[in-house]
Amino acid sequence: MSEKTMEEKVEQATNSKNVSLPMSRVRLIMKSSPDVSCINQDALFLTTKATELFVQHLALSSYKNGSGKETNTLSYSDLANAAEETETFQFLTDILPKKILARDYLKSLEEMKKDDDSL
Amino acid sequence: MFQMDGDGSTTDASQLGITGEYMAGSHFVLAQAPEDEGDEGLNDHEDGNGSKDNLREQDIYLPIANVARIMKNAIPQTGKIAKDAKECVQECVSEFISFITSEASERCHQEKRKTINGEDILFAMSTLGFDMYVEPLKLYLQKFREAMKGEKGISGVTVTEGMGEELTEETFTNPLPAGIITADGQQQNVMVYTTSYQQIPGVQQLQFS
């Protein structure tokens, strides 16, 4: 995401007071952090707006890097991959573990067991 | 608890929440086959962490419709988004907000302040690798303030609880007319909606005449 594109978007925004996420809910989430007492209005607005930017950033990054190019669909694994590969999104790796199918896991378990047995 | 059905199927959501902690090395979560999304219950965090008595910060989410809309507008028009991807971003968003907030809060405490202000948030973004958001955010904030100034008498968003020396409800419902010199040198009367000890970049401090 280039800054220039973001600035263009900012310029285009006619009513920039509008945010597309509910600030009251953002505030709730912020206040659930330990030791947070007061949040001023600017901080709340900035956080809400930043969250919008974050969603756009994460969605587009994951979509571009993912297999969605062929299937045209942004999937969970695209997001998990982005979290692992992009430094900015690495704080998400704990909540975005890569998924494998149960049967694949069982298969790899069996293979591990076979390796152990053959030792 | 690590449990598997005898037939290898995992239909119970609780069996899906197995993280890498229980397995050697890798970070995997067992998933149902892709075509069967069902109710994966991504809101259930059955990873054995802590007590479920308190509502954890990760359990409060922004509405999925809003999140999905922003995602849809970000990707090319022909693109689609899987349902579990939407839910997942919903969780990531809460994580992001908490991430930024704790960093900002820490700085606040270090400087012995009680109120998290805009600068704290911007600084946190910079520190945490989101410095590319900072400049656009400053522009958005400017426009936000201009829009708010234009609405005299509107209380705006109440963001703090009534605490002694901090902002109280009264501050918003009984706006004091104040002369303020703005960046372009014009003096105008605007209602007070910020605290007196907030540092506003680019705008001079409120002058109470």
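Just so you know, the protein sequences line up as chains A and B, in that order. Be aware that the first sequence starts at 1, since it is given in full-length UniProt numbering, and climbs by one per residue. Be aware that the second sequence starts at 1, since it is given in full-length UniProt numbering, and climbs by one per residue. Here a beta-carbon is modelled for each residue, glycine too, at the ideal position from N, C-alpha and C. On a predicted model such as this, the values are computed, not experimentally measured, just so you know.
Using a Cβ-Cβ distance under 8 angstroms, would K49 of chain A count as near chain B?
By this cut-off, K49 of chain A is an interface position.
Ignore the nearest five residues each way along the sequence and tell me which others in D120 of chain B's own chain have a CB closer than 7 angstroms to its CB.
Excluding sequence neighbours, D120 of chain B sits near A104, R107 and C108.
Would you tell me roughly how many angstroms separate the C-alpha atoms of V93 of chain B and K86 of chain B, rounded to the nearest one?
Taking the straight line from one Cα to the other gives about 11 angstroms.
Among A:K113, A:T48 and A:E85, which one has its Cα closest to the Cα of I70 of chain B?
Checked all of A:K113, A:T48 and A:E85; the closest Cα to I70 of chain B is A:T48.
Would you mind working out which of A:H57, A:K107, A:V19 and A:M112 sits nearest residue 218 of chain B, comparing C-alpha positions?
Limits of chain B in this structure are 1 at one end and 209 at the other, which puts residue 218 of chain B out of reach.
Under the rule that 16 or more other beta-carbon atoms within 10 Å means buried, what is L21 of chain A, buried or exposed?
By the neighbour-count rule (16 or more Cβ atoms within 10 Å), L21 of chain A is buried.
Contact check, L74 of chain A vs I75 of chain B under 8 angstroms by CB: the rounded distance?
Their Cβ separation, rounded to whole angstroms, is 6 angstroms, which keeps L74 of chain A and I75 of chain B in contact under 8 angstroms.
Are Q90 of chain B and I60 of chain B touching if we call contact CB-CB under 8 angstroms?
No.
To the nearest whole angstrom, what separates the beta carbons of I95 of chain A and S98 of chain B, a pair I think is in contact under 8 angstroms?
Actually they are not in contact, since the Cβ atoms of I95 of chain A and S98 of chain B sit about 11 angstroms apart, beyond 8 angstroms.
CB-CB under 6 angstroms to A68 of chain B, same chain, minus the five flanking residues each way: which ones, in chain order?
K86, listed in sequence order.
State yes or no: is the C-beta of N65 of chain A within less than 8 angstroms of the C-beta of T78 of chain B?
Taking 8 angstroms as the Cβ cut-off, N65 of chain A and T78 of chain B do not qualify as a contacting pair.
Could you tell me whether any non-hydrogen atom of the ligand GDP is closer than 7 angstroms to the CB of R145 of chain B?
Ligands are entirely absent from the displayed structure, and the ligand GDP is therefore not among its contents.
Going by beta carbon distance, what residues of the same chain come within less than 8 angstroms of L109 of chain A, once the five residues before and after it are set aside?
The answer is none, since no qualifying residue turns up.
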